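J.: Here's a structure for you.
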Amino acid sequence: MIRKSLSVVLLSILGLSASYAQSGPSGFPWSFNQNLEVVPTEKYEFPATDNSGLMDAAKSGPYMVASTFDVSLSFPGSGVLTRLNNGSYIWSVTLNVDEAKGIGTYFNRFNLPEGVSMYLYNENKRHIQGPFTIEDIDLKNNNFATSAIQGNLVTLELNIDAGVDFNAIDLSINTLASYFRGVDELEYYSDDYRYGTIDAEDENAYGGSSQCTINANCPQSEGFEVNKNATVKEIIFTSGAIGYCTGTFVNNTGNSEGSCTKYLLTATHCEGDNATGGEYYSQWILKFNYQTPGCEMTDVAPVSNERVGVEFVSRDPYDASADASALDADFLLLKFTKAIPSTWNVTMSGWDNDPGHTRAYLSPKKFMFFHHPAGDIKKTVFDKKY
Numbered sequence: 005m006i007r008k009s010l011s012v013v014l015l016s017i018l019g020l021s022a023s024y025a026q027s028g029p030s031g032f033p034w035s036f037n038q039n040l041e042v043v044p045t046e047k048y049e050f051p052a053t054d055n056s057g058l059m060d061a062a063k064s065g066p067y068m069v070a071s072t073f074d075v076s077l078s079f080p081g082s083g084v085l086t087r088l089n090n091g092s093y094i095w096s097v098t099l100n101v102d103e104a105k106g107i108g109t110y111f112n113r114f115n116l117p118e119g120v121s122m123y124l125y126n127e128n129k130r131h132i133q134g135p136f137t138i139e140d141i142d143l144k145n146n147n148f149a150t151s152a153i154q155g156n157l158v159t160l161e162l163n164i165d166a167g168v169d170f171n172a173i174d175l176s177i178n179t180l181a182s183y184f185r186g187v188d189e190l191e192y193y194s195d196d197y198r199y200g201t202i203d204a205e206d207e208n209a210y211g212g213s214s215q216c217t218i219n220a221n222c223p224q225s226e227g228f229e230v231n232k233n234a235t236v237k238e239i240i241f242t243s244g245a246i247g248y249c250t251g252t253f254v255n256n257t258g259n260s261e262g263s264c265t266k267y268l269l270t271a272t273h274c275e276g277d278n279a280t281g282g283e284y285y286s287q288w289i290l291k292f293n294y295q296t297p298g299c300e301m302t303d304v305a306p307v308s309n310e311r312v313g314v315e316f317v318s319r320d321p322y323d324a325s326a327d328a329s330a331l332d333a334d335f336l337l338l339k340f341t342k343a344i345p346s347t348w349n350v351t352m353s354g355w356d357n358d359p360g361h362t363r364a365y366l367s368p369k370k371f372m373f374f375h376h377p378a379g380d381i382k383k384t385v386f387d388k389k390y
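Numbering (the numbering used here), first residue to last: 5 to 390.
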């Protein structure tokens, strides 16, 4: 059952401070402006999701963290438009999902013209995503996705410049993700945050893997920076659920400095629907640089960079009922076509096929593996025999 009500967002009388965390370029929603007294918003309330089936899901697939359900929310009818004195507008809609630890939003239509910015934020306005603008539009698929906002309430706000044609804005949310685990690091942005000891194994995305795992920037990974920087966390959109996995950007012999295809190699078991295209891949979210800056854990999870959407290339068919040994090759090859800022320091793993190398050079000297176990920050595993 969906409960709908009209509510008012009360604006803080305090200035903006470092207590806010933001994904994407700098800037804040206009509703945060101290000179605005109140901004009305339409509020929708959704019941808690049944996550029992996902909690018991086979460990051979992705680490399931959220249930998804269908909604039908769009601009302008599902929210409230507020006209400001300068002729610009704020459009706002608030979504509450009972018992959710975080809420992700999935758009089946996403078109923002010049002069429109989108933000999402939690109830106390400490966790912010955005601004998302015309630069984030997927011209091929016309959809979009956002990772989890902390808590069981998220507000979506559009800031619309004066003179923008409302008919040019095409925004529709058709799916919400209710996170039941894997986002405990976001509790830092809640009002009752208390930093505590992390168990050897728990359900935190930050620090949730075994304490025996080694952070990616520890000395053991020195000399393997290319491979480390090629590894990303995947937030995977499948039928009815959201899961975490790991992928690695890989090079190919056809790449040149001026033309570089960004292939992403992951496991076929990370996508259990055997999909070979469609909206699921275009709404995968990649988290770059989700790692501690040094070897030691920090009190707060590191800020990462995100991009939405990949394209299918090839895969080994996946059978969830089969034993892992039955897989011919547990691979899923994808392609990422969007620009990656050079400041993110992303590389692609590859090989050196120079025939002049000696056989001894070609022999394996050390096995190194970078991954995001249970959605945790980037970790490394190595073979102690070498």
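Built from N, CA and C at the ideal position, the CB exists for glycine as well.
Quantities reported herein were computed from a predicted structural model and do not represent experimental measurements.
Spatial neighbours of N112 within its chain, please: CB distance less than 6 Å, with the 5 preceding and 5 following residues excluded, ordered by chain position.
T.: Within the sequence shown, residue 112 is the residue found at index 108, counting from 1. Excluding positions up to five away in sequence, the list reads N147, S176, N178.
J.: Report the rounded CA-to-CA distance for M68 versus V158, giving the unit in angstroms.
T.: Locating residue 68 in the sequence shown gives position 64, counting from the first residue. Locating residue 158 in the sequence shown gives position 154, counting from the first residue. So the two alpha carbons sit approximately 21 Å from each other.
J.: Would T384 and S194 qualify as a contact pair, given that the criterion is a beta-carbon distance under 9 Å?
T.: Working through the sequence shown from its first residue, we reach residue 384 at position 380. Working through the sequence shown from its first residue, we reach residue 194 at position 190. Not closer than 9 Å, so no.
J.: Looking at C-alpha atoms only, which residue of F184, C264, Y192, S96 is the closest neighbour of G247?
T.: For this step, residue 247 is matched to residue 243 along the sequence shown. For G247, the nearest C-alpha among the options comes from F184.
J.: By Cβ distance below 8 Å, which residues in the same chain neighbour D169 in space, the five residues on each side in sequence not counted?
T.: Position 165 of the sequence shown, counting from 1, holds the residue named residue 169. Only P117 meet the Cβ criterion.
J.: Run through DSSP, which three-state label would L88 get?
T.: Taking the sequence shown and counting its residues from 1, the one referred to as residue 88 is at position 84. Note: L88 maps to coil in three-state DSSP.
J.: I'd like to check one pair, N39 with I94: are the Cβ atoms closer than 9 Å?
T.: Here residue 94 refers to the residue found at position 90 when the sequence shown is read from its first residue. Here residue 39 refers to the residue found at position 35 when the sequence shown is read from its first residue. Not a contact, by the Cβ cut-off of 9 Å.
J.: In angstroms with no decimal places, state the Cα-to-Cα distance between V142 and G91.
T.: The residue given as residue 142 occupies position 138 in the sequence shown. The residue given as residue 91 occupies position 87 in the sequence shown. For the sequence presented, residue 142 should be read as Asp rather than Val. If you take the alpha carbons of D142 and G91, they lie about 29 Å apart.
J.: Locate the alpha helix (DSSP H) running through L58, then write down its first and last residues.
T.: As a position in the sequence shown, residue 58 is number 54, starting the count at 1. Unbroken alpha helix (DSSP H) run through L58: 56–59.
J.: Rounded to whole angstroms, what is the Cα-Cα separation between A209 and V101?
T.: In the sequence shown, residue 209 corresponds to position 205, counting from 1. In the sequence shown, residue 101 corresponds to position 97, counting from 1. With a pLDDT of 48 at A209, under the threshold of 50, the predicted position of this residue should be treated as unreliable, and no value is reported.
J.: How far does the beta strand (DSSP E) with E161 in it reach, from first residue to last?
T.: Taking the sequence shown and counting its residues from 1, one reaches residue 161 at position 157. Unbroken beta strand (DSSP E) run through E161: 157–164.
J.: Looking at the unbroken beta strand (DSSP E) that takes in V101, where does it start and where does it end?
T.: Here residue 101 refers to the residue found at position 97 of the sequence shown. V101 -> beta strand (DSSP E) spans 93–101.
J.: In whole angstroms, give me the CA-to-CA distance for Y294 and V42.
T.: Residue numbering aside, residue 294 sits at position 290 when the sequence shown is read from its first letter. Residue numbering aside, residue 42 sits at position 38 when the sequence shown is read from its first letter. Whole-angstrom Cα-Cα distance: 36 Å.
J.: Threshold first: 3 residues or longer. Then list the beta strand (DSSP E) segments lying entirely within the segment 290–352, N to C.
T.: Listed in chain order, the complete beta strand (DSSP E) runs (minimum 3 residues) inside the segment 290–352 are 309–312, 315–319, 336–340.
J.: For G31 and Y123, what's the separation of their Cα atoms in angstroms?
T.: Within the sequence shown, the letter at position 27 stands for residue 31. Within the sequence shown, the letter at position 119 stands for residue 123. The alpha-carbon atoms of G31 and Y123 are separated by roughly 10 Å.
J.: Put I153 into one of helix, strand or coil per three-state DSSP.
T.: Stepping through the sequence shown from its first residue, residue 153 is reached at position 149. DSSP places I153 in strand when its eight states are reduced to three.
J.: Nearest by alpha-carbon distance to P377: which of G108, I173, N219 is it?
T.: As a working note, residue 377 is residue 373 in the sequence shown. Taking only the C-alpha atoms, the option nearest P377 is N219.
J.: Roughly how many angstroms lie between the CA atoms of G298 and Q287, to the nearest whole one?
T.: Numbered from 1 along the sequence shown, position 294 holds the residue referred to as residue 298. Numbered from 1 along the sequence shown, position 283 holds the residue referred to as residue 287. Whole-angstrom Cα-Cα distance: 31 Å.
J.: Please return the same chain residues whose Cβ sits closer than 6 Å to the Cβ of W34, not counting the five positions on each side in sequence.
T.: For the purposes of this step, residue 34 is taken as residue 30 along the sequence shown, with counting starting at 1. Contacts found: I94, N163.
J.: If contacts are defined as beta-carbon pairs under 8 Å, then D320 and D332 qualify, I think. What distance do you get, rounded to the angstrom?
T.: Here residue 320 refers to the residue found at position 316 when the sequence shown is read from its first residue. Here residue 332 refers to the residue found at position 328 when the sequence shown is read from its first residue. The Cβ separation is near 5 Å, so the contact holds.
J.: Is Y285 buried or exposed, if buried means 16 or more other CB atoms sit within 10 Å of its CB?
T.: Residue mapping note: residue 285 aligns to position 281 of the sequence shown, counting from 1. Flag for Y285 reads buried.
J.: Distance, Cα to Cα, H375 vs F114?
T.: As a working note, residue 375 is residue 371 in the sequence shown. As a working note, residue 114 is residue 110 in the sequence shown. When rounded, the distance between both Cα atoms is 31 Å.
J.: Assuming G108 and A70 make a contact with CB atoms under 8 Å, what is their CB distance in whole Å?
T.: Position 104 of the sequence shown, counted from the first residue, corresponds to residue 108. Position 66 of the sequence shown, counted from the first residue, corresponds to residue 70. That pair is a contact at about 6 Å.
J.: With respect to the beta strand (DSSP E) encompassing S263, which residues constitute its N-terminal and C-terminal limits?
T.: Position 259 of the sequence shown, counted from the start, is the residue given in the question as residue 263. Where S263 is concerned, there is no enclosing beta strand (DSSP E), given that its DSSP letter is neither H nor E.
J.: Around the Cβ of E205, are there at least 16 other Cβ atoms within 10 angstroms (buried) or fewer (exposed)?
T.: By 1-based counting over the sequence shown, the position of residue 205 is 201. Residue confidence for E205 is low, a pLDDT of 39 falling below 50, so the modelled location carries little weight; the figure read from the coordinates is stated next. Counting Cβ neighbours within 10 Å, E205 comes out exposed, since fewer than 16 surround it.
J.: Would you list the residues sitting across from K237 in a DSSP beta bridge?
T.: On the sequence shown, position 233 is the one that residue 237 refers to. In the DSSP output, where bridge partners are listed per residue, K237 has T250, K291.
J.: Pick out whichever of N156, F335, T265 has its Cα sitting closest to the Cα of K342.
T.: Start at 1 with the first residue of the sequence shown, and residue 342 comes out as number 338. Closest option to K342, Cα to Cα, is T265.
J.: With distances taken Cα to Cα, identify the nearest neighbour of D140 among S318, T351, G313.
T.: In the sequence shown, residue 140 corresponds to position 136, counting from 1. The shortest C-alpha separation from D140 is found at G313.
J.: Would E103 pass as a contact of Q154 if the rule is Cβ separation under 9 Å?
T.: The sequence position of residue 103 within the sequence shown is 99, counting from 1. The sequence position of residue 154 within the sequence shown is 150, counting from 1. No; because the gap between Cβ atoms is not below 9 Å, this pair is not in contact.
J.: Is A271 helix, strand or coil by DSSP?
T.: Locating residue 271 in the sequence shown gives position 267, counting from the first residue. Here A271 sits in coil by DSSP.
J.: Could you pull the start and end residues of the beta strand (DSSP E) that Y67 belongs to?
T.: Within the sequence shown, numbered from 1, the residue matching residue 67 stands at position 63. Where Y67 is concerned, the enclosing beta strand (DSSP E) stretches over 67–78.
J.: Straight-line CA distance for F136 to A149?
T.: As a working note, residue 136 is residue 132 in the sequence shown. As a working note, residue 149 is residue 145 in the sequence shown. Those two C-alpha atoms are separated by around 11 Å.
J.: From the DSSP output, in three-state form, read off I218 for me.
T.: In the sequence shown, residue 218 corresponds to position 214, counting from 1. The answer is strand: DSSP assigns I218 an E or B state.
J.: Opposite N115 in the DSSP bridges: which residues?
T.: As a working note, residue 115 is residue 111 in the sequence shown. In the DSSP output, where bridge partners are listed per residue, N115 has D174.
J.: Going along the chain, which residues of its own chain have a beta-carbon closer than 6 Å to the beta-carbon of S121, five neighbours each way excluded?
T.: Position 117 of the sequence shown, counted from the start, is the residue given in the question as residue 121. Around S121: P135, T137, N163.
J.: Exposed or buried, which one is M352 when buried takes at least 16 other CB atoms within 10 Å?
T.: By one-based count along the sequence shown, residue 352 stands at place 348. With 16 or more other Cβ atoms within 10 Å, it is buried.
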